[in-house]
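One structure is given below, encoded as structure tokens.
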DNA sequence: CGGCTGACTGGAATGTCGTTCCAGTCGATT
DNA sequence: AATCGACTGGAACGACATTCCAGTCAGCCG
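Protein chains in written order, with the UniProt record's numbering: chain A, 1 to 243; chain B, 1 to 243.
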């Protein structure tokens with residue numbers, strides 16, 4: 001009776017070249033990676049998959065669901081990937097998770113805006129709990145009181161998503177804008193910041209230099225450390241002030 | 001020669017009921033506030049302003065620019081608004097700025113996604129420096145060494161934007177979802193979190209209770225304090241550990 | 001083994017959107 | 001009064017997400 005939506009397998013006829021939700025999501029991720037957020041259209045998708053629109057809509061309710069599925073697939077992969085080396089301290093563990101998300105967003109720049117829109121829209125859907133769980137578990141391991149868990153975790157999650165998103169977008173902007181590498185792009189932004197009105201933007205002008213010659217990953221991790229320091233400072237750490 | 005774009009006032013003919021970039025942006029903000037991000041369409045805009053599409057396009061290059069202008073207008077207003085009481089300590093000053101942005105995003109829920117997309121896209125355009133300046137100036141006032149300014153400020157900015165956005169979206173979701181107040185919505189999310197697989201999501205389940213009965217603003221400020229504590233903890237404060 | 005069923009497909013059609021185009025209008029200038 | 005150009009309104013256009021429907025094909029039932 002249900003007009004649309006694949007139920008999985010009811011046992012009946014399946015062709016060899018069968019279209020599947022998986023194949024669609026996979027193609028969507030590829031398109032998003034290569035052509036950006038606006039590059040994902042049903043027209044291109046049908047061409048890429050050599051099929052019609054109706055076929056895709058049988059597997060996927062609408063574009064939003066497709067985006068959500070793509071997001072979840074990438075996030076799940078990033079969070080499941082084993083950290084390179086087993087972390088020795090809780091602090092290292094947080095850093096590992098943060099770097100995992102950072103890397104995923106860097107590799108798939110469309111992820112950041114997508115997460116920003118999706119996490120609040122449906123806090124029950126798998127992506128949100130997955131991210132909070134991955135980060136929060138390490139926060140808990142820091143040994144701080146339970147009352148600090150939620151605040152600390154959400155601060156970390158927001159920082160990670162925001163900073164990684166900014167970084168990823170900078171990379172994309174660099175490629176599109178000047179056509180050159182990230183260094184030159186940061187250079188131009190830094191110069192523009194320095195040219196701002198000294199009366200109105202003294203602070204921005206002051207940090208323009210730091211913007212110019214910073215290392216992205218290092219800077220990102222410094223932010224994570226900052227928040228970690230705040231968590232352990234505010235809630236006398238049972239352990240783990242050392243690295 | 002420039003085919004489009006209003007230059008301000010060249011002194012020539014102006015009708016009494018003149019359309020202006022300001023009136024357009026104002027109407028756009030109203031539409032965004034009442035109908036959400038998808039409610040802003042040129043068709044509705046032309047009706048609301050009793051004009052045609054061409055007229056609007058003479059003042060505004062495209063929808064993106066309109067969105068940017070609306071964003072900037074609201075952010076500028078939020079940042080310019082004098083804090084209720086003159087802050088006594090740097091810490092209070094940071095909180096005041098944070099609350100200003102928090103309030104603006106709460107009042108205009110479309111702001112958060114918009115900022116998330118716009119700040120990285122064009123870090124030179126007025127919105128980004130304006131926010132960094134407002135926050136960063138207070139960070140500088142904390143008395144930490146200059147090397148810590150950029151990291152601390154970006155951590156704060158990301159947290160503020162992320163947390164406020166989540167909060168605003170929760171409010172909107174509450175209104176749309178259950179049709180009831182935020183309390184009931186958080187209740188349902190909390191319940192859903194508690195129903196997750198205990199093996200996979202132990203942390204999320206543990207904080208579900210905190211999610212249920214927290215005060216939004218209080219929780220938000222706790223996060224700000226957390227980051228402030230991190231900043232002053234990592235970089236021996238010249239002052240201001242007290243409130 | 002031959003028809004039936006329902007999962008699954010492809011393409012045509014629909015409606016909405018952002019954007020462009022152009023024939024005007026109106027105030028100020030001359 | 002003629003003219004110029006800033007400014008307007010509405011009719012187009014192309015791209016998009018989505019819906020509809022006439023089919024197709026594999027397995028099951030007889």
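Glycine residues also receive a C-beta, built at the ideal position from the N, C-alpha and C atoms.
Reference residue i, options the options, closest by Cα
i: residue 114 of chain A; options: B/201, B/200, B/162; result: B/162
i: residue 201 of chain A; options: B/172, B/129, B/206; result: B/129
i: residue 70 of chain A; options: A/105, A/88, A/91, A/100; result: A/105
i: residue 186 of chain B; options: B/199, B/169, B/197, B/137; result: B/169
i: residue 138 of chain B; options: B/42, B/44, B/231; result: B/231
i: residue 112 of chain A; options: A/66, A/157, A/93; result: A/157
i: residue 152 of chain B; options: B/167, B/79, B/135; result: B/135
i: residue 42 of chain A; options: A/221, A/63, A/166; result: A/63
i: residue 144 of chain B; options: B/234, B/209, B/214, B/121; result: B/234
i: residue 23 of chain A; options: A/216, A/35, A/46, A/121; result: A/46
i: residue 211 of chain A; options: B/198, B/65, B/146, B/220; result: B/146
i: residue 221 of chain A; options: B/155, B/127, B/34, B/181; result: B/155
i: residue 204 of chain B; options: A/149, A/214, A/175, A/215; result: A/149
i: residue 72 of chain B; options: B/39, B/35, B/215, B/101; result: B/101
i: residue 81 of chain A; options: A/191, A/90, A/91, A/97; result: A/97
i: residue 141 of chain B; options: B/216, B/91, B/34; result: B/91
i: residue 59 of chain B; options: B/21, B/76, B/38; result: B/21
i: residue 103 of chain A; options: A/61, A/57, A/164, A/56; result: A/164
Cβ-Cβ distance between residue i and residue j below 8 angstroms
i: residue 244 of chain A; j: residue 223 of chain A; result: Given a span of 1 to 243 for chain A in the structure shown, any question on residue 244 of chain A remains unanswerable.
i: residue 51 of chain B; j: residue 19 of chain B; result: yes
i: residue 294 of chain A; j: residue 226 of chain B; result: The requested residue 294 of chain A is not part of the displayed model; chain A covers only 1 to 243.
i: residue 207 of chain A; j: residue 123 of chain B; result: no
i: residue 87 of chain A; j: residue 93 of chain A; result: yes
i: residue 84 of chain A; j: residue 49 of chain A; result: no
i: residue 74 of chain A; j: residue 29 of chain A; result: yes
i: residue 121 of chain A; j: residue 173 of chain B; result: yes
i: residue 182 of chain B; j: residue 171 of chain B; result: yes
i: residue 66 of chain A; j: residue 25 of chain A; result: yes
i: residue 219 of chain A; j: residue 119 of chain B; result: no
i: residue 110 of chain B; j: residue 54 of chain B; result: no
i: residue 76 of chain B; j: residue 125 of chain B; result: no
i: residue 108 of chain A; j: residue 216 of chain A; result: no
Check: residue i C-beta below 7 angstroms from any heavy atom of the ligand FMN
i: residue 66 of chain B; result: This structure simply doesn't include the ligand FMN, nor any ligand for that matter.
Closer than 8 angstroms between beta carbons: that is the criterion. Which residues of the segment 202-224 of chain A meet it against chain B? 202, 203, 204, 206, 207, 210, 211, 214, 219, 222, 223
Identify every run of the beta strand (DSSP E) within the segment 163-216 of chain A, keeping only runs that are complete inside it and at least 3 residues long; order them along the chain. none
What are the residues in the UniProt domain "HTH tetR-type" (18-78) of chain A lying within 7 angstroms of chain B by C-beta distance? none
Given a limit of 7 angstroms on CB to CB distance, which residues of the segment 161-188 of chain A reach chain B? 161, 162, 163, 165, 166, 169, 170, 173
Selection of the segment 94-121 of chain B by Cβ proximity to chain A, strictly under 8 angstroms: 112, 113, 116, 117, 119, 120, 121
For the segment 66-139 of chain B, which segments carrying the alpha helix (DSSP H) assignment without a break, of at least 4 residues, lie completely within its bounds, in sequence order? 90-107, 111-121
Taking Cβ-Cβ distances below 7 angstroms as the criterion, which residues of the segment 124-137 of chain B are in contact with chain A? 124, 129, 132, 133, 136, 137
If you measure beta-carbon to beta-carbon, which residues of the segment 139-155 of chain B are closer than 9 angstroms to chain A? 139, 140, 146, 147, 148, 149, 150, 151, 152, 153, 154, 155
May I have a chain-ordered list of the alpha helix (DSSP H) segments no shorter than 4 residues that lie completely inside the segment 17-57 of chain B? 21-35, 42-49
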